[in-house]
Amino acid sequence: MATAHDQDFTEFTEASYASLLRTARLLTGDRHAAEDLVQAALVKVYLRWGRSGSWASPQAYARKVVVNLYATWRRRRWHTETAHPGGEGAAVADGGDMAGGADTRLELARALRALPRAQRAVVVLRFYEDLSVEETAELLGCSPGTVKSRTNRALERLRATGALAGYAGRGTR
1 MATAHDQDFT EFTEASYASL LRTARLLTGD RHAAEDLVQA ALVKVYLRWG
51 RSGSWASPQA YARKVVVNLY ATWRRRRWHT ETAHPGGEGA AVADGGDMAG
101 GADTRLELAR ALRALPRAQR AVVVLRFYED LSVEETAELL GCSPGTVKSR
151 TNRALERLRA TGALAGYAGR GTR
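For the sequence shown, UniProt numbering puts the final residue at 173, and the numbers step up evenly by one.
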């Protein structure tokens, strides 16, 4: 018999899973690694679910766990496989129109995977999750100035590869 605690967590998981998976997929560049990452994150969130009433946003907390686990896994070289350029991991994370602009999205996905972990995390959180500089800094445990400099360096690298050419005028703030 499920408790109210379990029912609340199940509802949270059903409402948040797709968003967490998209974030993880953009961070890892691989659907299977992203699924593993989200599952591990949800286990950690579940173990602390009794304290969820004190969280400003359970979704933000879960996203932070995903980002932190990703950083830990990268540091430990847990994930030894890499997504192959143009392979399944390069597909659009939101499942949108796969025909229009597919080459541009594939190029952007490749360029994103080539960024250092910290820069990739900043780009994903700032431009995909649409978090502010301050929210990103809090989530990553760094200063707003660090977020700004990482964003600047990441965008410079993406521009240098030509990966942002198809996104001109789309607010690469």
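No residue lacks a Cβ here, since even glycine has one placed at the ideal position from N, Cα and C.
Status (buried if at least 16 other CB within 10 Å, exposed otherwise) for residue i
i: D6; result: exposed
i: R63; result: buried
i: E107; result: buried
i: D30; result: buried
i: L139; result: buried
Residue from the options with nearest C-alpha to residue i
i: P144; options: T161, S132, L106; result: S132
i: A118; options: D30, N68, D130, F12; result: N68
i: A33; options: L47, F9, E11, V66; result: V66
i: E129; options: A15, R22, L115, A154; result: R22
Cα-Cα separation between residue i and residue j, rounded to whole angstroms
i: F9; j: D36; result: 18 Å
i: S19; j: Y61; result: 13 Å
i: T72; j: A4; result: 32 Å
i: T146; j: S52; result: 29 Å
i: residue 180; j: K44; result: Coverage of the chain is limited to positions 1 through 173, which leaves residue 180 absent and any answer about it impossible.
i: A41; j: A163; result: 30 Å
i: Y17; j: S57; result: 15 Å
i: L112; j: G141; result: 21 Å
i: S149; j: T136; result: 12 Å
i: H84; j: T151; result: In this predicted model, H84 has a pLDDT of only 39, less than 50, meaning its place in the structure is not dependable; the value taken from the coordinates is given anyway. Using only the alpha carbons, I get a separation of about 25 Å.
i: A154; j: R110; result: 13 Å
i: E11; j: W49; result: 12 Å
i: Y70; j: P116; result: 12 Å
i: Y46; j: A114; result: 32 Å
i: A15; j: A24; result: 16 Å
i: W55; j: E134; result: 17 Å
i: T28; j: Q39; result: 14 Å
i: T13; j: Q59; result: 9 Å
Do the segment 109–127 and the segment 154–161 meet, that is, are 3 or more Cβ pairs less than 8 Å apart?
Short answer: they touch.
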